[in-house]
Amino acid sequence: VEPFKAAMLATLKREVGKKGHKWSSKARGAWVWGLNEVITLLVNATTSGRPKVKLLNQSWNVMVERLNEESSEKSRMKPKKKKKKRSEEAETDDNSDEEGSEEEERVG
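Just remember that this note's numbering sits 35 ahead of the position in the sequence shown, which is counted from 1.
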């Protein structure tokens with residue numbers, strides 16, 4: 036935290052000088068106070084936010100695991116399609132040819 040505060044104060048001092056203003060000890064004290072407030076807020080937000088992020092990640096992982104389990108169970112429960120025997124396929128092909136010839140006779 037201290038290196039961050041020192042870098043911010045150095046940057047502020049440089050920018051104030053660029054604008055043509057004089058850096059005073061009163062201004063430094065005000066900036067130190069302001070930076071302390073900002074740093075405190077950031078640290079508090081980070082500290083309270085980490086557990087929330089961790090909990091969110093855990094919840095997400097649980098959801099993903101459950102979805103994977105459900106999808107694997109569904110894939111196991113799907114009835115497998117029975118394969119037709121070649122003799123059955125030949126019979127259905129023969130029947131379809133007969134139906135087609137009957138239609139040709141009606142049309143013709």
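Beta carbons: idealized from backbone N, C-alpha and C, even for Gly.
First and last residue of the alpha helix (DSSP H) that includes residue i?
i     : result
Gly52 : Glu37 to Lys53
Where does residue i sit, in a helix, a strand or coil, going by DSSP?
i     : result
Ser59 : coil
What separation, rounded to the nearest whole angstrom, lies between the Cα atoms of residue i and residue j?
i      : j      : result
Val150 : His56  : Coverage of the chain is limited to positions 36 through 143, which leaves residue 150 absent and any answer about it impossible.
Glu108 : Lys89  : 29 angstroms
Gly52  : Lys61  : 15 angstroms
Trp58  : Thr81  : 32 angstroms
Leu76  : Ser83  : 11 angstroms
Gln93  : Glu105 : 18 angstroms
Arg155 : Met112 : Lying outside 36 to 143, the shown extent of the chain, residue 155 is not represented and no answer is given.
Starting from the C-beta of residue i, find all residues in its chain whose C-beta is less than 8 angstroms away, skip the five residues before and the five after it, and write them out in chain order.
i     : result
Arg63 : Leu44 and Lys48
Ile74 : Val36, Phe39 and Lys40
Counting only beta-carbon separations shorter than 8 angstroms, does residue i have a partner in chain C?
i     : result
Val67 : Judged by its chain identifiers, the structure shown contains no chain C, having just a single protein chain.
Identify, in the order they occur along the chain, each residue of the same chain with its Cβ nearer than 6 angstroms to the Cβ of residue i, setting aside the five sequence neighbours on each side.
i     : result
Ala42 : none
Leu70 : Lys40 and Met43
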